[in-house]
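What follows is a set of notes on a single structure, which appears directly below.
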Amino acid sequence: MSPYRQTNFPPPLKQEESDKEKPAATPLQTNQPVFQSQAIMKVLIINGSPRRNGNIATMLLAMQKEAEQKAHAVTFVHIADLNIRPCTGCMKCRAEGRCTLPEDDAQKTLRLLDKADALIIGAPCYWSNMPGQLKMLFDRIVYGLMKNNPHGFPYPLHKGKRSVIVTACTTPFPFNIFFNQSKGTVRAIKAILSYSGFKTIGIIQKAGTSKHPELTAKELSKCRKTGRRLFCT
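Numbering (this note's numbering), first residue to last: -4 to 228.
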């Protein structure tokens, strides 16, 4: 089974069909894309947690549902399902604009990111940072996120795209901020997205999961509201 799960991509139209006037959608056609004044966005969601059914995945799924309700095209990726070799630090990708390692899921994920209009990325706090699997992906695709100009300064390759960061940690609020726990995870991911050109329009943090592992209705509501902000075109 492919680790890349896609939803709500409208089927391609034949040439003779594309010129015909399409009837207006009815309320019963809720499983079909509804083309209104807003543009259809391609959204990439990356679950950077090793757990497929943890708090991170649950929060990401809440935002996925918001996207699907607006008929946006969503691809959901679980980092734990991907086959990614670690970066060897050869630096050839910076000069050649491609990774010289054999093709694996790192290059495939980058192609999805290239096509995406928006990115939602979730990661639990590991030592005030992101999990190693997610960091390994970012290391492998750096050449597709930013380049250096002739003066050596970085310039982004995804300028104008929007993003949301989701994280969770066992440290309770407000110590998750004071001790740079979830704050450190957000800072690390946001720095990569910023250098890549993404504008982070929302950050969601779930603190104190050791004593309060379940997501509250308020926390899930915040996920949905943040999703609506991201998908507002």
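Heads up, the beta-carbon is just placed ideally off N, CA and C, and yes, glycines get one too.
If you count every other CB in all the chains shown that lies within 10 Å of the CB of residue i, and 16 or more means buried, which is it?
| i | result |
| --- | --- |
| N42 | buried |
| H146 | exposed |
| N144 | exposed |
| N50 | buried |
| C227 | exposed |
| T292 | A question about residue 292 goes unanswered here, because the residues of the chain that appear run from -4 up to 228. |
| E91 | exposed |
| K154 | exposed |
| S126 | A small correction: the amino acid at residue 126 is Pro; Ser does not occupy that position in the sequence shown. Looking at its Cβ environment, which holds 16 or more other Cβ atoms inside 10 Å, P126 is buried. |
| A183 | buried |
Check residue i in the structure and name its three-state DSSP category.
| i | result |
| --- | --- |
| T104 | helix |
| K206 | coil |
| F226 | helix |
| A212 | helix |
| L96 | coil |
| T195 | strand |
| L114 | strand |
| I51 | helix |
| T221 | helix |
| A90 | helix |
| L229 | Outside the shown range of the chain (-4 to 228) lies residue 229, about which nothing can therefore be said. |
| L39 | strand |
| K65 | coil |
| A19 | Low confidence applies here, because A19 scores a pLDDT of 42, under 50, leaving its location unreliable; read the following figure in that light. The answer is coil: DSSP assigns A19 none of H, G, I, E or B. |
Since residue i and residue j should fall inside the 8 angstroms C-beta cutoff, what is the C-beta to C-beta distance between them, to a whole number of angstroms?
| i | j | result |
| --- | --- | --- |
| F40 | V72 | One detail in the question is off: residue 40 reads as Ile in this sequence, not Phe. Between V72 and I40 the Cβ distance is about 7 angstroms, and since that is below 8 angstroms, they are a contact. |
| K205 | G117 | Just to set this straight, residue 205 is Ser in the shown sequence, not Lys. Contact flag wrong, Cβ pair sits at about 19 angstroms. |
| C120 | Q176 | 5 angstroms |
| L241 | A101 | Since the first residue shown for the chain is -4 and the last is 228, residue 241 is missing from the structure and cannot be characterised. |
| K37 | K103 | At roughly 15 angstroms, the Cβ-Cβ gap does not stay under 8 angstroms, so K37 and K103 are not in contact. |
| T211 | V181 | Actually they are not in contact, since the Cβ atoms of T211 and V181 sit about 20 angstroms apart, beyond 8 angstroms. |
| N124 | G179 | 6 angstroms |
| K217 | I199 | 6 angstroms |
Whose C-beta lies closer than 6 angstroms to the C-beta of residue i among residues of the same chain, with five residues either side of it excluded?
| i | result |
| --- | --- |
| P22 | Reliability fails at P22, whose pLDDT of 36 lies under 50, so the model's placement of it is uncertain and the value that follows must be treated cautiously. Within the same chain, P22 has no close Cβ partners at all. |
| T95 | K87 |
| G222 | M58, E61 |
| I172 | K178 |
Tell me which residues share the same chain as residue i and place their Cβ nearer than 7 angstroms to its Cβ, disregarding the 5 neighbours each side in the sequence.
| i | result |
| --- | --- |
| E214 | K201 |
| R89 | Y138 |
| R157 | A113, F193, K194, I196, L225 |
| C99 | Before going on, a small fix: residue 99 reads as Asp here, not Cys. So the qualifying residues of the chain are N78, I79, R80. |
| R135 | I79, C82, C94, A101 |
Leaving aside the five residues before and after residue i along the sequence, list all residues of the same chain whose C-beta is less than 8 angstroms from its C-beta, in chain order.
| i | result |
| --- | --- |
| M141 | P149, Y150, P151, L152, Y190, S191, G192 |
| Q237 | No statement about residue 237 is possible, as the shown extent of the chain runs from -4 to 228 and does not include it. |
| R219 | A57, M58, K60, E61 |
Just checking residue i against the ligand FAD - is the residue's beta carbon closer than 7 angstroms to any of the ligand's heavy atoms?
| i | result |
| --- | --- |
| V38 | Absence of the ligand FAD is noted for the structure shown, with no ligands found whatsoever. |
Unbroken beta strand (DSSP E) runs of length 3 or more, entirely within the stretch 119 to 184: which are they? 141 to 143, 149 to 151, 157 to 163
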